[in-house]
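Trainee:
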Amino acid sequence: MRAILLRILVIFFFFMNSNEARGENRFSFCFEVWQPFSSVDEHGLANGRDIDFLKSALEPFDYQLTFIELPFKRCLKEVQQGNIDFALHVDETDGIKLIDYPMGSWDLLFAYKNEKTASLPFNSNNKQSKILIARDYTYPKEVIDKLMAMSVEILNGSFYTSTSNEVKNLFKLVESGMVDAILVDKAWAEYELLRQNIKITLADTLLYSEPQFIGYRKGNEINAQLLIQALKGKAIRESR
């Protein structure tokens, strides 16, 4: 009887371990559209500089990869609840664990109307000025402190833009004079200005820069270690 029970336990644990091993070969990522780093093409496939890098880094390991485009806060929530393994482009203000491998940076600056010759000064002489920032992101305290020191009126809006028209509508808020400036990411804004007829001027000076990482929930450390090994291996291969 003991021999039969022992055999059953061995089979059970082998089955569980096999499932876990197969599970380690499946990684899911969520991301918000953030050109040129992450996007979705006309066929619904995820692409962009950082997504392509991840696909290339994990290709030698034969991982099954799933990329899911979601609004940023929804992406964070799905990772925190364990429904998705990793969130792209997060930092320490977002409340999840970070893989110690930077994936670019979030470089914030002001976007103005083209006709506006003078940018907003970094002092308190802006009491009639309105600045639009994203309600979807948690800005570092340093950013909020700088805006408060400028005495501007801070407005919060959705920056979720998955289509060209949504991008144009966002910039129309400053083009039409509804706000004096929008706080945007430099690389994203430069990308959109090149591919679309948007009459916007970007500030010469960054307001703030923050490295971006891949995030994961507590309890997913094994997969996080596998991922960071793949990322570092990719970097070593490219440096040779």
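With positions in the sequence shown counted from 1, the corresponding number in the working numbering is that position plus 1065.
Every residue, glycine too, gets a C-beta built ideally from N, C-alpha and C.
#1: Going along the chain, which residues of its own chain have a beta-carbon closer than 7 Å to the beta-carbon of Phe-1137, five neighbours each way excluded?
#2: If you count every other CB in all the chains shown that lies within 10 Å of the CB of Ala-1176, and 16 or more means buried, which is it?
#3: Only counting the same chain, and skipping five residues up and downstream in sequence, which positions put a Cβ closer than 8 Å to that of Val-1105?
#4: How big is the Cα-Cα spacing for Arg-1087 and Ala-1289?
#5: Pick helix, strand or coil for Val-1244, following the three-state DSSP scheme.
#6: If you check the beta carbons only, do Lys-1211 and Leu-1272 fall under 9 Å apart?
#7: Within the stretch 1111-1154, note down every full beta strand (DSSP E) run reaching 3 residues or more, in order along the chain.
#8: Would you check if the distance between the CB atom of Ile-1116 and the CB atom of Phe-1151 is smaller than 9 Å?
#9: What's the call for Arg-1282, buried or exposed, on a 16-neighbour Cβ count within 10 Å?
#10: Please classify Phe-1236: does DSSP put it in a helix, a strand, or coil?
#11: If Ala-1122 sits next to Lys-1299, beta carbons under 8 Å apart, how far is it from one beta carbon to the other, in whole angstroms?
#12: List the endpoints of the continuous beta strand (DSSP E) containing Tyr-1256.
#13: Ile-1287 and Asp-1165: beta carbons closer than 9 Å?
#14: With a threshold of 16 other CB atoms inside 10 Å of the CB of Ala-1295, please say whether the residue is buried or exposed.
#15: Return the CA-CA distance between Leu-1173 and Asp-1250, expressed in angstroms with no decimal places.
#16: Of the choices Ala-1252, Phe-1236, Gln-1129, Lys-1162, whose alpha-carbon is the least far from that of Ala-1246?
#17: Taking the beta carbon of Gly-1147 as the centre, do at least 16 other beta carbons fall within 10 Å, making it buried, or is it exposed?
#18: Can you tell me which of Gly-1160, Gly-1109, Met-1168 puts its alpha carbon nearest to the alpha carbon of Lys-1297?
#19: Which whole-angstrom value describes the C-beta separation of Met-1215 and Ser-1184, a residue pair presumed to lie in contact below a C-beta threshold of 8 Å?
#20: By the DSSP assignment, the beta strand (DSSP E) with Ala-1176 in it spans what residues?
#21: Is it right to say Asn-1191 is buried, meaning 16 or more other beta carbons lie within 10 angstroms of its own, or is it exposed?
#22: Using the C-alpha atoms, what's the distance from Ala-1268 back to Met-1243?
Mentor: Taking the definition as stated:
#1: Position 72 of the sequence shown holds residue 1137. These residues qualify, in order along the chain: Glu-1097, Asp-1201, Tyr-1202.
#2: As a working mapping, residue 1176 is identified with position 111 in the sequence shown. Buried, by the Cβ-count rule.
#3: Residue 1105 sits at position 40 when you count from the first residue of the sequence shown. These residues qualify, in order along the chain: Val-1098, Ala-1111, Asn-1112, Glu-1134, Ser-1227.
#4: Here residue 1087 corresponds to residue number 22 of the sequence shown, with the count starting at 1. Here residue 1289 corresponds to residue number 224 of the sequence shown, with the count starting at 1. Because the pLDDT of Arg-1087 is 42, which lies under 50, any placement of that residue in the model is unreliable, and the number read from its coordinates should be weighed accordingly. Roughly 16 Å between the two C-alpha positions.
#5: Counting from one through the sequence shown, the residue named residue 1244 turns up at place 179. Here Val-1244 sits in coil by DSSP.
#6: Within the sequence shown, residue 1211 is the residue found at index 146, counting from 1. Within the sequence shown, residue 1272 is the residue found at index 207, counting from 1. Result yes, Cβ atoms of Lys-1211 and Leu-1272 sit closer than 9 Å.
#7: 1129-1134
#8: Counting from 1 along the sequence shown, the entry for residue 1116 is found at position 51. Counting from 1 along the sequence shown, the entry for residue 1151 is found at position 86. The answer is no: Cβ separation not under 9 Å.
#9: Here residue 1282 is taken as the residue at index 217 of the sequence shown, counted from 1. It counts as buried.
#10: By 1-based counting over the sequence shown, the position of residue 1236 is 171. It is helical.
#11: Within the sequence shown, numbered from 1, the residue matching residue 1122 stands at position 57. Within the sequence shown, numbered from 1, the residue matching residue 1299 stands at position 234. Rounded, the Cβ-Cβ distance is 4 Å, consistent with contact.
#12: Stepping through the sequence shown from its first residue, residue 1256 is reached at position 191. Counting along the chain, Tyr-1256 sits inside no beta strand (DSSP E); it lies in the alpha helix (DSSP H) bounded by residues 1251-1260.
#13: Position 222 of the sequence shown holds residue 1287. Position 100 of the sequence shown holds residue 1165. No, the pair does not count as a contact, with Cβ atoms beyond the cut-off.
#14: The residue given as residue 1295 occupies position 230 in the sequence shown. With 16 or more neighbouring CB atoms inside 10 Å of its own CB, Ala-1295 falls in the buried class.
#15: Translated into positions along the sequence shown, residue 1173 becomes position 108. Translated into positions along the sequence shown, residue 1250 becomes position 185. Answer to the nearest angstrom: the Cα atoms are 5 Å apart.
#16: Translated into positions along the sequence shown, residue 1246 becomes position 181. Ranking Ala-1252, Phe-1236, Gln-1129, Lys-1162 by Cα distance to Ala-1246 puts Phe-1236 first.
#17: Translated into positions along the sequence shown, residue 1147 becomes position 82. The residue in question, Gly-1147, is exposed, as its Cβ has fewer than 16 Cβ neighbours within 10 Å.
#18: The residue you call residue 1297 lines up with position 232 of the sequence shown. With distances taken between Cα atoms, Lys-1297 lies closest to Met-1168.
#19: In the sequence shown, residue 1215 corresponds to position 150, counting from 1. In the sequence shown, residue 1184 corresponds to position 119, counting from 1. Distance from Met-1215 to Ser-1184 at the Cβ level is roughly 11 Å; contact not present, criterion being Cβ atoms closer than 8 Å.
#20: The residue labelled residue 1176 in the question sits at position 111 within the sequence shown. Counting along the chain, the beta strand (DSSP E) containing Ala-1176 begins and ends at 1170-1178.
#21: As a position in the sequence shown, residue 1191 is number 126, starting the count at 1. Classification of Asn-1191: buried, given that the 10 Å Cβ count is 16 or more.
#22: Translated into positions along the sequence shown, residue 1243 becomes position 178. Translated into positions along the sequence shown, residue 1268 becomes position 203. Going by C-alpha positions, Met-1243 is about 18 Å away from Ala-1268.
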